[in-house]
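Below: one structure, written as structure tokens.
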Amino acid sequence: MRSHTTLSAEDAADRLAIRELFDAYAHCADRRDAQGQMALFTEDTHFVVHMDATSAEPTQELRGRDALAPVFDNLNLYAATTHFNGQSTVVVDGNQATGESYTIAHHVTIGDDGRRTLMVASIRYLDRFTKLDGTWYFAERKLLVDWTETRPMSG
Numbered sequence: 001m002r003s004h005t006t007l008s009a010e011d012a013a014d015r016l017a018i019r020e021l022f023d024a025y026a027h028c029a030d031r032r033d034a035q036g037q038m039a040l041f042t043e044d045t046h047f048v049v050h051m052d053a054t055s056a057e058p059t060q061e062l063r064g065r066d067a068l069a070p071v072f073d074n075l076n077l078y079a080a081t082t083h084f085n086g087q088s089t090v091v092v093d094g095n096q097a098t099g100e101s102y103t104i105a106h107h108v109t110i111g112d113d114g115r116r117t118l119m120v121a122s123i124r125y126l127d128r129f130t131k132l133d134g135t136w137y138f139a140e141r142k143l144l145v146d147w148t149e150t151r152p153m154s155g
């Protein structure tokens with residue numbers, strides 16, 4: 001991680017654009033916009049899911065933007081989701097960047113009996129970004145679930 005230093009205008013603009021990319025991913029997830037989410041990735045993207053961050057073996061590994069649709073469409077299984085993005089670290093090197101970002105994701109399900117259940121997940125993303133024609137994209141995204149909690153909802 002870098003120490004706190006003054007950023008150039010270009011570096012600051014790149015960091016802001018990458019943060020907006022990170023936020024757009026969460027926004028599209030919560031709005032069930034799988035096509036919008038997919039558009040945030042390079043054509044040859046690599047997407048890896050570790051439902052247990054301590055496991056060396058991924059739960060799922062996908063290659064190529066088109067392979068992402070079923071994963072993003074799976075959010076339709078939930079009555080609602082809310083992703084809160086937290087801190088992130090980003091290192092920019094020209095048209096490439098790497099970063100680690102944190103998210104707390106809330107997933108609401110409604111059972112056959114009408115009862116609502118909330119599953120909260122602490123997620124870390126390890127990302128590689130690339131800038132193409134002035135726009136930043138995810139070139140690789142590793143989703144690591146650090147912990148989950150499931151509980152009934154009241155009200």
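Quick note on full-length UniProt numbering: the sequence shown kicks off at 1 and runs consecutively.
Using N, Cα and C, we set each Cβ at its ideal position, and we do this for glycine too.
For Tyr25, the enclosing alpha helix (DSSP H) covers residues 9–30. Closest in C-alpha terms to Ala12, from the list Tyr78, Gly94, Ala80, comes Gly94. With contact defined as three or more Cβ pairs closer than 8 Å, the stretch 100–120 and the stretch 80–88 are in contact. Assignment of beta-bridge partners to Asn85 by DSSP yields Thr103.
When the alpha-carbon of Leu126 is set against those of Asp146, Ala34, Asn76, Glu10, the nearest one is in Asp146. In this structure, Phe22 lies near Asn85, with their beta-carbon atoms less than 8 Å apart.
Scanning its chain for C-beta atoms nearer than 6 Å, with the 5 sequence neighbours on each side dropped, one finds around Asp14 the residues Val92, in chain order. Nearest to Gly36 by C-alpha distance, out of Glu100, Ala69, Leu7, Ala17, is Ala69.
For the pair Arg32 and Asn76, the CB atoms are nearer than the 8 Å cut-off. The closest CA to that of Leu132, considering only Thr6, Leu40, Asp52, Ala34, is found on Leu40. Looking at Arg19, Arg116, Glu43, Thr98, the one whose alpha-carbon comes closest to that of Lys142 is Thr98. Taken atom to atom, the span from the alpha-carbon of Leu16 to that of Ser88 is near 11 Å. In the DSSP annotation of this structure, Asp33 is not part of any beta strand (DSSP E), being labelled neither H nor E. In the same chain as Leu144, and ignoring 5 residues on each side of it, the C-beta atoms closer than 6 Å to its own belong to His50, Ala53, Arg124, in chain order. With a 10 Å radius around the Cβ and a threshold of 16 neighbouring Cβ atoms, Ala29 comes out buried.
Here the alpha carbons of Thr6 and Val71 stand approximately 39 Å from one another.
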